[in-house]
Each structure stands twice: as C-alpha cells, then as structure tokens.
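Engineer: Quick note: to get the numbering used here, add 7 to the position in the sequence shown (first position is 1).
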Amino acid sequence: MDSLKPLLTNNRTWAQENKTQDPDFFSRLSAGQSPQYLWIGCCDSRVPAEMLTGAQPGDLLVHRNVANMVLHDDTNCLSVLQFAVEALKIKHIVVAGHYDCGGVKAALNGGVSGKLGCWLHHLEDIYQQHKAQFDLLTDEEERINLLCELNVAHQVVNVANTTTVRKAWQNHFPLTIHGCIYDIGDGLLKEIGVSVNGPDAIPAQFQSADHG
8 MDSLKPLLTN
18 NRTWAQENKT
28 QDPDFFSRLS
38 AGQSPQYLWI
48 GCCDSRVPAE
58 MLTGAQPGDL
68 LVHRNVANMV
78 LHDDTNCLSV
88 LQFAVEALKI
98 KHIVVAGHYD
108 CGGVKAALNG
118 GVSGKLGCWL
128 HHLEDIYQQH
138 KAQFDLLTDE
148 EERINLLCEL
158 NVAHQVVNVA
168 NTTTVRKAWQ
178 NHFPLTIHGC
188 IYDIGDGLLK
198 EIGVSVNGPD
208 AIPAQFQSAD
218 HG
C-alpha cells in the first residue's frame, strides 16, 4: 500500500478545486510572493497556521519548531527571519504559542534527553526566571499554560534582539513583533499583551541570553 496515497489524492482534489474556482490561482502564485506576516509557531500537528487564521497561500511565511522558540544559535530560524525582513520586507512577525504544548509539558516534567532535551533546556531557564509565579500555582494545567504564555513573551523579545530586527529598526523600517497564544480547546487565537515595535518597547522582564 502506498502510504502517501491519501495525501496525493487530497492534493489533486485541492488543486482541481482551486483551478475550477479561480483559473488564475496558480499562475498568480507562481509569479512571486509578498506575504504580510511571518508566523513563528510550534510544529504541533494540531496548530496549522494557515487554517486557524483563514490565510490563503501567499499570505503567511511560516517557520515552525518545537515550542515556537527563537534561539541565538538556531541558524534555520534566523535565516528565515532575515529572508522575511530583508528580502520580503515583511512588517509583522507573529510569535504564536499554544496551550497544552507538548514541549512545554516535557520541560516542566524534565527527564528529556538527547537533542530534544538540549532544546527544551531553554524553557527550563524561562521557568526558573519566573519561578515565583509558578510557586503560587498548584493546578498543573495552569502551570503549563503560564509557561506557554511566558515562553511566547520571551521569544518575542528574542526576535526583537536579533541582528536582523535591530538593523531594520536602525534603518527606520516599520516592523512589529506580536505575541499570540492559541487555544486548541476552542480554536481561538489571542494576543498576550506583548507587542514590540522598536528597541525602546522591549519589556525588560522577558530579556534573556537567547538572541543573535
């Protein structure tokens, strides 16, 4: 049995439907891209950026990894960021976390080894930095959700501290970084109140060493 058959069948159906509804759909896409947003999200299969935002092909430039992190030594993410800002002139960057994040839960529980353990160590640092807030909570779900939100806030600041973003602001390029959280339980995306549009707007309480 061809394990890719369902995906290929769905692709052909999707392509045909788009051609039927809009004969010029793919010719426009092939002419180039000018997305309005860079979406930095989690790779969780339940959080499809385009679907939950109602975006169409060409609307979002998307980068996803475990727990939606932006680290100073992650060449992949930093390359996407540079491409988005310098080549595509994207003016809005969305860092989107989600509740019930497996990476966040693993970091809180500990015991993860290998490359994933090294990656999640950054979440453990965030937990330690805000430990006083966690000590006030006894409900495990509340603790997980708090770390999900704090992680988004820290990653917004990490984006703001990158060389690419700092250079853009120095050149007076209008660029805003937005922090959002998605609730898988009800399908709603909301802002967490951390939005940065310049170096003077970076909240000090979310500063960390993870920028580049």
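The beta-carbon is built from N, C-alpha and C at its ideal position, and this holds for glycine as well.
Check whether the segment 85 to 102 touches the segment 113 to 132, counting contact only when three or more Cβ pairs, one atom from each stretch, lie closer than 8 Å.
Structural biologist: no
Engineer: Based on the DSSP secondary-structure assignment, which residues constitute the bridge partners of Ile47?
Structural biologist: Answer is His70, Val102.
Engineer: Assuming Cys125 is part of the alpha helix (DSSP H), what are its boundary residues?
Structural biologist: 121 to 136
Engineer: Mind checking Leu68: buried by the 16 CB within 10 Å criterion, or exposed?
Structural biologist: buried
Engineer: With burial defined as no fewer than 16 other Cβ atoms inside 10 Å of the residue's Cβ, what is the status of Ala91: buried or exposed?
Structural biologist: Counting the other CB atoms within 10 Å of its CB gives Ala91 a total of 16 or more, which places it among the buried residues.
Engineer: Nearest by alpha-carbon distance to Thr183: which of Ser215, Leu153, Pro206, Ser37 is it?
Structural biologist: Pro206
Engineer: For Gly121, I'd like the list of residues in its chain whose CB is within less than 6 Å of its CB, leaving aside the five on either flank, ordered along the chain.
Structural biologist: none
Engineer: Cα separation between Thr170 and Ile47?
Structural biologist: Whole-angstrom Cα-Cα distance: 17 Å.
Engineer: Can you give me the Cβ contacts of Tyr44 inside the same chain, cut-off strictly under 6 Å, excluding the 5 residues immediately before and after it?
Structural biologist: Leu67, His99, Val101
Engineer: Determine the DSSP secondary structure at Ile151, reduced to helix, strand or coil.
Structural biologist: helix
Engineer: Could you check the C-alpha separation between Val111 and Asp31 for me, to the nearest Å?
Structural biologist: 43 Å
Engineer: Quickly, what does DSSP pair Thr183 with across the bridge? List them, please.
Structural biologist: His99
Engineer: Would you call the CB atoms of Met76 and His129 closer than 8 Å?
Structural biologist: yes
Engineer: Put Leu78 into one of helix, strand or coil per three-state DSSP.
Structural biologist: Residue state, collapsed to three classes: coil.
Engineer: Specify the secondary structure class of Ser215 as computed by DSSP and reduced to three states.
Structural biologist: coil
Engineer: Relative to the alpha-carbon of Asn168, which residue among Tyr189, Lys12, Ala56, Leu88 has its alpha-carbon at the smallest distance?
Structural biologist: It is Leu88.
Engineer: Cα separation between Glu57 and Ile151?
Structural biologist: A direct Cα-Cα distance of roughly 25 Å separates Glu57 from Ile151.
Engineer: Enumerate in chain order the residues of its own chain whose CB-to-CB distance from Pro64 is below 8 Å, with the five nearest sequence positions on each side excluded.
Structural biologist: Leu36, Glu57
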